[in-house]
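So the structure is just underneath, and the comments pick up after that.
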Amino acid sequence: MQNSKPENNIVSQFVDSSVIKAIKAIFADGQDKIPVDEAMVIAEQFGADSSFRTVLEASEVTAAEKKLISSFNSNLNLLVQKTWVEKDDQALKDQVLYKLEGLCKEFENDNYGASYNVLVQLLRDVVYLMFGTQTNSGEFLEYAFRIDPGFGIFWWYVESLPSERPASEAVAKVYLLLSMIFLSNY
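Position in the sequence shown (from 1) plus 4 gives the number in the working numbering.
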């Protein structure tokens with residue numbers, strides 16, 4: 005994970021060093037498995053409690069994971085539906101809502117790897133719907149931190165996600181679960 009110097013300065017102003025260290029650790033190259041302790045630091049920053057560890061460590065979909073998927077689906081659906089958009093963005097809004105339903109069904113069947121790129125783009129699309137074209141500016145990260153430091157950390161995390169699906173299904177799953185935990189509590 006490489007960040008520009010100005011971005012590092014902004015991040016260090018708003019993010020606890022333990023969270024910065026954890027995010028760097030989970031995005032280290034060549035991992036087959038995410039370090040759970042570091043993932044928990046991020047999850048707790050995103051509003052999860054210690055029970056989220058069982059979701060991260062489970063080898064199959066648990067009741068707690070299904071509850072997370074349901075909360076994520078409900079909260080993100082509501083957020084997108086309540087977001088006012090320009091007429092030109094209505095098609096994107098409809099597309100996001102349509103994709104969300106399919107993604108959540110895939111997650112319930114433990115198909116995270118195949119859905120990785122779709123969810124990462126969906127996250128970016130949702131933030132675009134919320135904030136418009138300013139999400140494409142170099143100053144948006146700082147803006148996000150200033151309006152809501154918790155959201156700023158989430159946006160920094162999303163922007164740090166690898167653009168291509170990780171080779172490991174387990175790694176892709178943890179990356180997406182962390183995104184989902186934030187939005188299920190937002």
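Note that beta-carbon positions come from the ideal geometry of N, C-alpha and C, so glycine has one too.
In this text the structure is predicted, and so the values were computed from the model without any measurement.
For Lys109, the secondary structure class from DSSP, reduced to helix, strand or coil, is helix.
Rounded to whole angstroms, the separation of the alpha carbons of Gly154 and Phe18 is 9 Å.
The alpha-carbon of Trp159 is positioned some 20 Å away from that of Ile73.
The three-state secondary structure of Asp152, taken from DSSP, is coil. For Asn12, the closest of Pro39, Leu145, Glu69 and Glu173 by C-alpha to C-alpha distance is Leu145. A check of alpha carbon separations from Ser54 across Glu42, Ser63, Ala171 and Val65 identifies Glu42 as the nearest. Taking the Cα positions, Val65 is about 15 Å away from Ile185. Between Phe149 and Gly156, the C-beta gap is smaller than 8 Å, which places the two residues in contact. Judged by beta-carbon spacing, Ala29 lies within the 8 Å limit of Pro39, meaning their Cβ atoms are closer than that value. For Tyr102, the number of other beta carbons within 10 angstroms of its own is below 16, and it is reported as exposed. Contact annotation, Ile27 with Tyr161: C-beta distance approximately 6 Å; criterion of less than 8 Å satisfied. Assigned with DSSP and collapsed to three states, Leu72 falls in helix. By the Cβ neighbour-count rule, Lys177 is buried, with 16 or more other Cβ atoms within 10 Å of its own. The beta carbon of Leu133 is closer than 8 Å to those of Val84, Thr87, Val89, Asp93, Leu96, Lys97 and Val100 in its chain, skipping five residues each way along the sequence. Per DSSP, the continuous alpha helix (DSSP H) segment holding Arg57 begins and ends at Phe56 to Glu61.
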